[in-house]
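Residue numbers (the working numbering): 85 to 582.
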C-alpha cells in the first residue's frame with residue numbers, strides 16, 4: 085500500500101448581511117428579520133492552490149446530485165446536545181452551467197431556503213447527499229435517503245434515514261460512490277462569525293484503489309498485461325444504513341463511535357441481513373473496449389479510470405489480532421481469468437496498515453492506494469500487501485497465517501527468545517519462509533505488527549541465512565538496545581529512555 089490520503093470537499097455557507105455606519109463609530113448593523121443563507125462551494129482536488137477549485141469548474145458538479153442540509157438551532161442551552169430543534173430542511177444542487185454556488189430545490193416536503201432567524205441565534209448544519217448515477221442519469225445511484233420523516237420541529241418529527249450499497253469498478257462509477265459526501269458544522273451565529281460559514285463536505289465511505297496489478301511468474305519475470313480481474317472482499321458488508329441523528333468525527337474510535345451533531349461523517353451501520361456479506365467487483369486497468377449502450381465508455385469517461393480501479397467499502401480496522409488471516413476485514417481474493425490453455429488462477433491478500441499516526445484504520449474519507457504483485461512461485465510479492473496462491477483446502481485445514489511472519493505478541497516473544505539464544509535452529513518455522521533473493525535461498529522473517537521489546541538493552545543479531553523484512557512496522561527496544569544482521573527496508577527502532 086503506497087499510502088493513505090484524504091479526499092476533501094469545501095462548501096461555504098455565506099449569510100447575506102446588511103452593513104451601515106453612523107457618524108461616531110463604524111458598526112455592523114445585523115438584521116433581526118430572517119435572512120437567506122447563500123451557499124457557495126469549493127473543492128480540494130489535491131493541488132497546491134485551492135482558489136481555482138470552486139465546485140463545478142470541471143463541469144462535474146451535477147455528479148453530487150441532491151444535497152440535503154438540516155438546520156438545527158440551540159433551543160435549551162450551550163452544549164452540543166442542546167441543538168435538538170430542527171428549524172428547516174433544505175435541498176440543494178449544483179446548477180448547470182454555473183460554478184461556485186449551490187441552488188435551492190423546492191421539490192420535497194418542508195424544503196425551504198435556509199435562513200438566519202436573527203443575528204444571535206446559534207445553529208448547527210448537517211449535510212448528506214444522494215449522488216447521481218454517473219452512467220444512467222434516469223436510474224438511482226448506490227445511495228438512498230428517505231426524506232418522508234423530514235419536517236420542522238423537534239427531533240422526533242424530523243428524522244431522515246438512508247442506505248449506501250458498496251461497490252467497485254463500473255458499478256461504483258454508476259453508483260456515484262466517489263461523490264457521496266457529507267458534513268456537520270457549528271455552532272455558528274451571524275453576530276460572532278460574520279457572513280461566512282465554512283462547511284467541509286467529506287467522503288462518507290472508505291476507498292481502496294488498486295493502481296496497478298502485475299504478476300510475478302515462476303521464472304522470475306513480471307507480467308504487466310493484466311487488464312481485468314475479479315477482486316472480492318468476502319468479509320465486507322454489502323450495505324450500511326445511516327441517519328441524520330448519528331454523526332461522528334474523523335478520528336473517533338471506530339469500535340465505539342460516539343454520536344455528534346457536528347461531526348463530518350454519518351455513522352454507518354453494517355447490514356445484518358443474511359447473504360449480504362461480500363463485496364465483489366471487476367477491476368479494469370482502463371476503459372478501453374468497455375461499451376455502454378453500444379458505444380465506448382472511454383469517449384466520455386476517460387478521466388474516471390481511477391474509479392473503475394477502485395472499490396468503495398465500509399470503513400474498517402486493518403488488522404484485528406483476535407481474527408484469523410482469512411477473517412480480517414481487509415482480506416481479499418483475486419481471480420485471474422483463464423487465458424488459452426491456462427486455467428483461472430486464484431490468489432489472496434490482506435491489507436495491512438502502515439504505522440503513521442491514525443493509520444491502523446481505513447476511515448471514511450480516506451483511501452488506500454495499492455500496487456499489487458501476484459506471485460505464482462515461491463517468490464514473495466506485493467507492495468504493502470502480501471499476495472500468495474489461494475489454498476483450496478477446507479477452512480479448518482488452512483494454517484492460521486498463510487504468509488509466515490510475526491503477527492502477534494506471542495510470536496514476537498518466541499522470536500526474541502531464539503535471538504537471545506543466538507540459535508537459528510530454534511526460530512519457530514511459522515515465523516519465516518524460504519524465498520529466493522538475488523539468486524540465493526534465504527529465510528525471510530516478515531513483520532505484520534509492531535513489536536515491543538522495550539526490556540531489551542543488549543544487541544540482538546539476525547542469524548546468517550535469515551533476513552528481517554520490516555514492511556514499515558516498528559520495533560521498540562530498551563536503552564542501548566540494537567539489532568544487527570541482514571535487514572531489508574528501513575528498520576524503525578524506537579529506543580526507550582528511562
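Backbone N, C-alpha and C fix where the C-beta goes; we use that ideal spot for every residue, glycine too.
None of the values given here were measured: they were computed from a predicted structure.
Residue pairing of residue 267 in beta bridges, as defined by DSSP: 211.
Scanning the segment 170 to 204 from its first residue to its last, no whole alpha helix (DSSP H) run of 4-plus residues comes out. Excluding residues up to 5 positions away in sequence, 330 lie with their Cβ nearer than 6 Å to the Cβ of residue 343 in the same chain.
For residue 152, the beta-bridge partners assigned by DSSP are 175 and 212. Taking the Cβ atoms as the reference, residue 269 lies roughly 19 Å from residue 246, outside the contact range of under 8 Å. Annotation for residue 259: the continuous alpha helix (DSSP H) segment containing it runs 253 to 259. Residue pairing by DSSP places residue 396 opposite 251 and 291 in a beta bridge. The segment 210 to 217 makes no contact with the segment 182 to 189; the number of CB pairs closer than 8 Å stays below 3.
Listed in chain order, the non-local C-beta contacts of residue 422 below 7 Å within the same chain comprise 428, local neighbours out to five positions each way being set aside. Counting only residues of its own chain and dropping the five nearest sequence neighbours on each side, residue 218 has a CB closer than 7 Å to the CB of 147, 257, 258 and 260. The beta carbon of residue 372 is closer than 7 Å to those of 382 in its chain, skipping five residues each way along the sequence. In chain order, 297, 366, 367, 418, 419, 420 and 421 place their CB closer than 8 Å to the CB of residue 313, counting only its own chain and leaving out the 5 sequence neighbours on each side.
Separation of the CB atoms of residue 244 and residue 328 is rounded to 5 Å, and the pair is thereby assigned contact status at 8 Å.
From the listed residues 528, 404, 416 and 455, the smallest Cα separation to residue 308 is found for 455. If only uninterrupted beta strand (DSSP E) runs of at least 3 residues are considered, those enclosed by the segment 338 to 405 are 361 to 368 and 394 to 397.
For residue 544, the enclosing beta strand (DSSP E) stretches over residues 543 to 545.
For residue 286, the secondary structure class from DSSP, reduced to helix, strand or coil, is strand. The three-state reading of DSSP puts residue 514 in helix, counting H, G and I together.
Short of 7 Å from the beta carbon of residue 255, and not among the five residues preceding or following it, lie these beta carbons of its own chain, in chain order: 365.
Put simply, the backbone Cα of residue 369 is about 26 Å away from that of residue 323. In the three-state reduction of the DSSP assignment, residue 324 falls in the strand class, which pools E and B. By the criterion of a C-beta distance shorter than 6 Å, residue 295 is surrounded in its chain by 453 and 455, once the five residues flanking it on both sides are discounted. Inclusion of residue 436 and residue 250 in the CB contact set at 8 Å is not warranted, their separation being larger than that value.
Judged by DSSP secondary structure, residue 570 falls outside any alpha helix (DSSP H); it is assigned neither H nor E.
Closest in alpha carbon position to residue 545, among 499, 202 and 317, is 499.
Of all alpha-carbon atoms in 173, 543 and 178, the one lying nearest the alpha-carbon of residue 141 is that of 178. By the neighbour-count criterion, in which a residue is buried when 16 or more other Cβ atoms sit within 10 angstroms of its Cβ, residue 225 is buried. Where residue 228 is concerned, the enclosing beta strand (DSSP E) starts and stops at 227 to 230. Taken atom to atom, the span from the alpha-carbon of residue 410 to that of residue 515 is near 18 Å. Close CB contacts of residue 332 within its chain, under the 7 Å cut and outside five residues either way in sequence, are with 341, 342, 343, 344, 347, 349 and 351 (chain order). In this structure, the alpha-carbon of residue 205 lies about 29 Å from that of residue 288.
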